[in-house]
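Only one structure is covered here, and it is reproduced in the block below.
Protein chains: 4
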Amino acid sequence: MARQSKSKGRTLTSKGRQRRSQILSYATVRFASDGYHPTSVADIVGGLGVGKGVFYWYFESKEQLFLEILRDAQKDLRRYQRDSIADLTDPIERIEAGIRAGVIWMADNPELRRLFEFARSEDTFARSMKVGEATLISDAAEHLRIAIDAGRIPCRDPEALAHGIFGVTNQLTMAYIDHGDGDPAEVADLVVSICRNGFAGLSDQLTGDSNSADVIVNPAWSRTV
Amino acid sequence: MARQSKSKGRTLTSKGRQRRSQILSYATVRFASDGYHPTSVADIVGGLGVGKGVFYWYFESKEQLFLEILRDAQKDLRRYQRDSIADLTDPIERIEAGIRAGVIWMADNPELRRLFEFARSEDTFARSMKVGEATLISDAAEHLRIAIDAGRIPCRDPEALAHGIFGVTNQLTMAYIDHGDGDPAEVADLVVSICRNGFAGLSDQLTGDSNSADVIVNPAWSRTV
Amino acid sequence: MARQSKSKGRTLTSKGRQRRSQILSYATVRFASDGYHPTSVADIVGGLGVGKGVFYWYFESKEQLFLEILRDAQKDLRRYQRDSIADLTDPIERIEAGIRAGVIWMADNPELRRLFEFARSEDTFARSMKVGEATLISDAAEHLRIAIDAGRIPCRDPEALAHGIFGVTNQLTMAYIDHGDGDPAEVADLVVSICRNGFAGLSDQLTGDSNSADVIVNPAWSRTV
Amino acid sequence: MARQSKSKGRTLTSKGRQRRSQILSYATVRFASDGYHPTSVADIVGGLGVGKGVFYWYFESKEQLFLEILRDAQKDLRRYQRDSIADLTDPIERIEAGIRAGVIWMADNPELRRLFEFARSEDTFARSMKVGEATLISDAAEHLRIAIDAGRIPCRDPEALAHGIFGVTNQLTMAYIDHGDGDPAEVADLVVSICRNGFAGLSDQLTGDSNSADVIVNPAWSRTV
DNA sequence: AATGAATGAGTCTTCATTCAT
DNA sequence: AATGAATGAAGACTCATTCAT
Numbered sequence: 067m068a069r070q071s072k073s074k075g076r077t078l079t080s081k082g083r084q085r086r087s088q089i090l091s092y093a094t095v096r097f098a099s100d101g102y103h104p105t106s107v108a109d110i111v112g113g114l115g116v117g118k119g120v121f122y123w124y125f126e127s128k129e130q131l132f133l134e135i136l137r138d139a140q141k142d143l144r145r146y147q148r149d150s151i152a153d154l155t156d157p158i159e160r161i162e163a164g165i166r167a168g169v170i171w172m173a174d175n176p177e178l179r180r181l182f183e184f185a186r187s188e189d190t191f192a193r194s195m196k197v198g199e200a201t202l203i204s205d206a207a208e209h210l211r212i213a214i215d216a217g218r219i220p221c222r223d224p225e226a227l228a229h230g231i232f233g234v235t236n237q238l239t240m241a242y243i244d245h246g247d248g249d250p251a252e253v254a255d256l257v258v259s260i261c262r263n264g265f266a267g268l269s270d271q272l273t274g275d276s277n278s279a280d281v282i283v284n285p286a287w288s289r290t291v
Numbered sequence: 067m068a069r070q071s072k073s074k075g076r077t078l079t080s081k082g083r084q085r086r087s088q089i090l091s092y093a094t095v096r097f098a099s100d101g102y103h104p105t106s107v108a109d110i111v112g113g114l115g116v117g118k119g120v121f122y123w124y125f126e127s128k129e130q131l132f133l134e135i136l137r138d139a140q141k142d143l144r145r146y147q148r149d150s151i152a153d154l155t156d157p158i159e160r161i162e163a164g165i166r167a168g169v170i171w172m173a174d175n176p177e178l179r180r181l182f183e184f185a186r187s188e189d190t191f192a193r194s195m196k197v198g199e200a201t202l203i204s205d206a207a208e209h210l211r212i213a214i215d216a217g218r219i220p221c222r223d224p225e226a227l228a229h230g231i232f233g234v235t236n237q238l239t240m241a242y243i244d245h246g247d248g249d250p251a252e253v254a255d256l257v258v259s260i261c262r263n264g265f266a267g268l269s270d271q272l273t274g275d276s277n278s279a280d281v282i283v284n285p286a287w288s289r290t291v
Numbered sequence: 067m068a069r070q071s072k073s074k075g076r077t078l079t080s081k082g083r084q085r086r087s088q089i090l091s092y093a094t095v096r097f098a099s100d101g102y103h104p105t106s107v108a109d110i111v112g113g114l115g116v117g118k119g120v121f122y123w124y125f126e127s128k129e130q131l132f133l134e135i136l137r138d139a140q141k142d143l144r145r146y147q148r149d150s151i152a153d154l155t156d157p158i159e160r161i162e163a164g165i166r167a168g169v170i171w172m173a174d175n176p177e178l179r180r181l182f183e184f185a186r187s188e189d190t191f192a193r194s195m196k197v198g199e200a201t202l203i204s205d206a207a208e209h210l211r212i213a214i215d216a217g218r219i220p221c222r223d224p225e226a227l228a229h230g231i232f233g234v235t236n237q238l239t240m241a242y243i244d245h246g247d248g249d250p251a252e253v254a255d256l257v258v259s260i261c262r263n264g265f266a267g268l269s270d271q272l273t274g275d276s277n278s279a280d281v282i283v284n285p286a287w288s289r290t291v
Numbered sequence: 067m068a069r070q071s072k073s074k075g076r077t078l079t080s081k082g083r084q085r086r087s088q089i090l091s092y093a094t095v096r097f098a099s100d101g102y103h104p105t106s107v108a109d110i111v112g113g114l115g116v117g118k119g120v121f122y123w124y125f126e127s128k129e130q131l132f133l134e135i136l137r138d139a140q141k142d143l144r145r146y147q148r149d150s151i152a153d154l155t156d157p158i159e160r161i162e163a164g165i166r167a168g169v170i171w172m173a174d175n176p177e178l179r180r181l182f183e184f185a186r187s188e189d190t191f192a193r194s195m196k197v198g199e200a201t202l203i204s205d206a207a208e209h210l211r212i213a214i215d216a217g218r219i220p221c222r223d224p225e226a227l228a229h230g231i232f233g234v235t236n237q238l239t240m241a242y243i244d245h246g247d248g249d250p251a252e253v254a255d256l257v258v259s260i261c262r263n264g265f266a267g268l269s270d271q272l273t274g275d276s277n278s279a280d281v282i283v284n285p286a287w288s289r290t291v
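Protein chains in written order, with the working numbering: chain A, 67 to 291; chain B, 67 to 291; chain C, 67 to 291; chain D, 67 to 291.
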């Protein structure tokens with residue numbers, strides 16, 4: 067009767083599925099706060115007040131559990147970004163909305179951002195990470211390519227740009243949200259602004275209020291380069 | 067005779083100092099390739115073909131060793147960036163040279179970049195990382211502030227810009243050097259270009275060959291934003 | 067309606083009895099192929115595609131199940147040997163037929179032979195094995211005693227001879243049937259021949275075709291002994 | 067300085083080598099008395115009053131330790147048999163001496179005989195056993211072949227005979243020495259006698275004191291077969 | 001300075017068994 | 001009769017660290 071959910075090829079009841087996701091989410095929190103290695107299976111089941119066997123009823127191993135967390139998180143982030151740009155047709159708007167969605171998602175899921183960071187640093191998980199990351203990058207790159215083709219932004223390697231956006235998003239989210247107390251929406255603005263203009267490009271103030279695009283950005287710059 | 071060097075409050079001979087740094091660098095390699103936790107002290111001494119006592123003669127603990135690696139690496143990166151901009155006086159040039167130095171250093175020390183990534187993800191080491199990172203960020207921010215004050219780049223929060231630069235450098239180095247086979251100098255160019263202009267700013271081609279700054283970057287952009 | 071069958075003091079329906087013997091025979095296969103200890107109850111019920119409760123509905127414990135397998139197998143072997151000699155009256159013929167039956171049964175039940183071997187090696191089961199084995203041995207010894215009393219074979223401790231037969235049967239079955247691909251009937255001939263004559267006795271060829279029993283077996287032998 | 071002994075590729079001091087063989091022999095006893103699986107590593111180190119790590123300092127795993135015990139035992143048995151027949155030149159005498167040596171060795175090492183029995187019953191170890199067993203069998207078969215070629219015993223497959231001898235030795239040793247209190251030398255006589263003559267051949271009394279080989283062994287036999 | 005030996009708490013994982021449904 | 005859930009003791013093995021020599 068119960069709907070099925072894959073877990074060691076087992077058939078889970080609804081109570082079982084509940085338990086499973088309880089473990090999943092509690093483990094996520096612990097991994098994020100203490101680190102993957104320092105968090106033992108005993109910590110997880112202990113924190114949940116259940117027997118040790120429960121863990122292995124639902125998961126094959128600590129490693130598989132972690133990989134599942136990672137996969138789910140990457141899927142969720144991607145879905146969130148997709149949903150956030152679904153209604154937009156203008157490529158530039160889509161890019162911006164995607165960036166904002168990325169920041170918001172990371173602000174909403176600081177544990178997962180941290181887990182990503184760890185996962186990238188260890189071979190066992192790096193492989194799995196690269197797949198999901200590549201998807202995210204190529205999603206973004208695709209939008210950039212469209213914008214370039216449409217002559218909306220200057221021609222540059224869209225994949226490199228996507229990486230740049232990714233890097234800025236990551237770093238500023240960490241600095242101002244995880245380690246600071248920045249407002250996600252404002253941080254998103256900041257990220258968009260930096261991604262769009264770089265440090266030498268138009269400042270927000272300039273772009274914001276001016277249609278006098280003839281205010282040459284920084285004549286100084288072109289001379290010094 | 068031998069000059070002295072502190073280690074666990076011990077006085078080392080020159081041979082001792084050699085041993086010590088041998089351990090230091092071998093551990094770095096192992097930590098980077100296998101991860102900090104998965105690398106045991108036994109792995110380290112075993113790989114070096116020495117007894118276990120050696121490790122504890124020179125280091126207080128595995129954790130202290132790692133912290134030392136981290137501190138040394140951050141110091142080295144900072145020194146390298148300083149040296150790279152020492153001869154330059156123009157703030158914009160200094161910023162660029164700093165970015166380039168960052169990319170080159172990371173290309174030269176991929177293990178350390180990876181270690182940084184891990185260290186940030188675990189509380190025990192995150193604290194230590196933040197200090198060094200903050201220094202790097204504030205170094206860059208200072209140069210940006212000077213450039214802004216001099217009217218050379220548009221006014222924006224210099225610290226945020228510095229974070230952005232940091233994020234782009236990290237991400238592109240990882241993508242194109244650690245996980246790819248990009249040429250460090252070219253990647254450095256790419257990073258500089260993206261940091262300077264963002265995705266919507268001037269492309270390299272435009273800035274490079276043109277004095278016609280009147281080529282308005284992207285009129286479309288201002289309309290859509 | 068259904069006839070009754072005891073199991074854990076329970077009354078089983080015919081379907082229940084079927085389940086029970088299904089478990090019994092599947093467990094036998096697994097125990098034989100993987101070993102008793104390495105085979106878990108989970109392996110058994112998993113392989114059968116049923117829930118864990120089923121096992122404990124029909125059996126008190128893994129150990130009891132194994133003991134039952136052992137007992138059943140020993141009973142079956144004994145019954146098979148009895149049936150095989152039922153029609154024979156000549157003591158020598160009975161002995162030979164018993165040997166042949168032993169080889170055939172073991173060829174037909176290689177898993178059980180293996181289980182016997184394990185069971186003898188572990189105290190928990192050795193006790194149970196000895197009882198059944200003693201029965202087999204004394205069955206054979208009885209026939210040997212009769213043959214000796216009848217002057218049909220030379221006087222020797224019949225129990226020792228029975229053990230000898232048992233050992234030869236076991237070893238040759240294992241070597242040529244379990245681990246080889248010998249034909250059971252031929253192996254049975256071989257076992258009979260070796261049991262009858264030993265290595266220094268008459269060869270099959272000699273006994274087979276000769277009524278010249280005066281062909282003294284090996285005069286050399288008596289000299290060298 | 068210390069001589070070397072392979073153990074996880076480690077260099078052992080003489081104290082270390084002592085510890086290693088202490089573990090080896092204590093484990094042998096425990097495995098034999100309680101069974102391989104029921105004996106935990108904790109039991110072994112506990113019984114020796116040392117820390118758990120000691121075990122893994124000297125052995126890679128419980129399984130490797132067991133394999134080493136097995137290998138050593140097989141080697142020892144073989145050496146013992148070789149030494150026991152070294153001075154003999156007559157093939158028949160060599161065979162007999164080999165049988166006797168086998169019985170004596172097993173009487174002296176009942177634990178090892180038991181371990182052999184278990185090892186044969188589990189796939190993990192069966193492979194390793196077969197190698198050593200095959201050597202023993204082919205050693206014996208070679209002597210039998212020589213005796214056959216010399217016309218000293220009737221022509222029969224020497225390998226099959228060797229298996230027969232092996233089976234008889236095993237079974238009678240177990241029955242009369244391990245589970246009984248037979249005198250090893252007498253049991254050896256018994257085994258030799260059974261191996262030589264089978265149940266239908268000359269009894270020892272007959273062969274021993276008689277040159278009247280004309281006492282036709284068992285005229286009855288040839289008639290009944 | 002350096003070695004091999006030793007420790008023992010702690011890791012992940014398994015498993016026979018019980019139980020509510 | 002049968003299921004999935006749960007237990008928790010126990011298993012093999014690891015590892016940072018200490019110590020006698």
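Every residue gets a Cβ at the ideal spot worked out from N, C-alpha and C, and that includes glycine.
Keep in mind it's a predicted model, so treat the numbers as computed, not measured.
Contact under 9 angstroms by Cβ, residue i with residue j
| i | j | result |
| --- | --- | --- |
| Ala192 of chain B | Tyr102 of chain B | no |
| Met195 of chain D | Gln140 of chain D | yes |
| Ala213 of chain C | Ile219 of chain C | yes |
| Asn175 of chain A | Asp149 of chain A | no |
7 angstroms CB neighbourhood of residue i in its chain, flanking five on each side removed
| i | result |
| --- | --- |
| Leu256 of chain D | Leu238 |
| Trp123 of chain A | none |
| Gly75 of chain A | none |
| Ile170 of chain A | Pro250 and Ala254 |
| Ala216 of chain B | Pro157 |
Close-in-space but distant-in-sequence residues of the same chain around residue i (CB under 6 angstroms, 5 per side omitted)
| i | result |
| --- | --- |
| Arg179 of chain B | Met172 |
| Asp270 of chain C | Unreliable placement is indicated for Asp270 of chain C, whose pLDDT of 47 sits below 50; the coordinate value is still reported in the next sentence. Here the set comprises Ser259. |
| Ile161 of chain B | His209 |
| Tyr242 of chain D | Gly248 and Val253 |
Closer than 9 angstroms to chain D by CB, residue i
| i | result |
| --- | --- |
| Val120 of chain C | no |
| Lys196 of chain C | yes |
| Ser259 of chain C | yes |
| Glu188 of chain C | yes |
| Ser80 of chain C | no |
CB contact below 9 angstroms: residue i versus chain A
| i | result |
| --- | --- |
| Arg76 of chain B | no |
| Val234 of chain B | yes |
| Thr144 of chain B | A small fix is needed here, since residue 144 of chain B is Arg in this sequence, not Thr. For Arg144 of chain B, the answer is no, since every Cβ of chain A falls outside 9 angstroms of its Cβ. |
| Leu136 of chain B | no |
Min CB distance residue i to chain C below 9 angstroms
| i | result |
| --- | --- |
| Ser204 of chain D | no |
| Gly117 of chain D | no |
| Tyr242 of chain D | yes |
Residue i: contacting residues in chain B (beta-carbon distance under 7 angstroms)
| i | result |
| --- | --- |
| Ser106 of chain A | Within 7 angstroms Cβ-Cβ: nothing; Ser106 of chain A doesn't reach chain B, min ~12 angstroms. |
Chain-ordered chain D contacts of residue i [CB-CB under 8 angstroms]
| i | result |
| --- | --- |
| His209 of chain C | Within chain D, no residue comes near His209 of chain C; the closest Cβ sits about 10 angstroms away, beyond 8 angstroms. |
C-beta neighbour in chain B for residue i, strict 9 angstroms
| i | result |
| --- | --- |
| Pro220 of chain A | yes |
Enclosing alpha helix (DSSP H) for residue i [first to last residue]
| i | result |
| --- | --- |
| Tyr124 of chain C | Lys118 to Tyr124 |
| Tyr92 of chain D | Ser80 to Asp100 |
Listed by chain order, chain D residues near residue i by CB distance under 9 angstroms
| i | result |
| --- | --- |
| Glu129 of chain C | Ordered by position in chain D, no residue passes the 9 angstroms Cβ test against Glu129 of chain C, which lies about 12 angstroms from the chain. |
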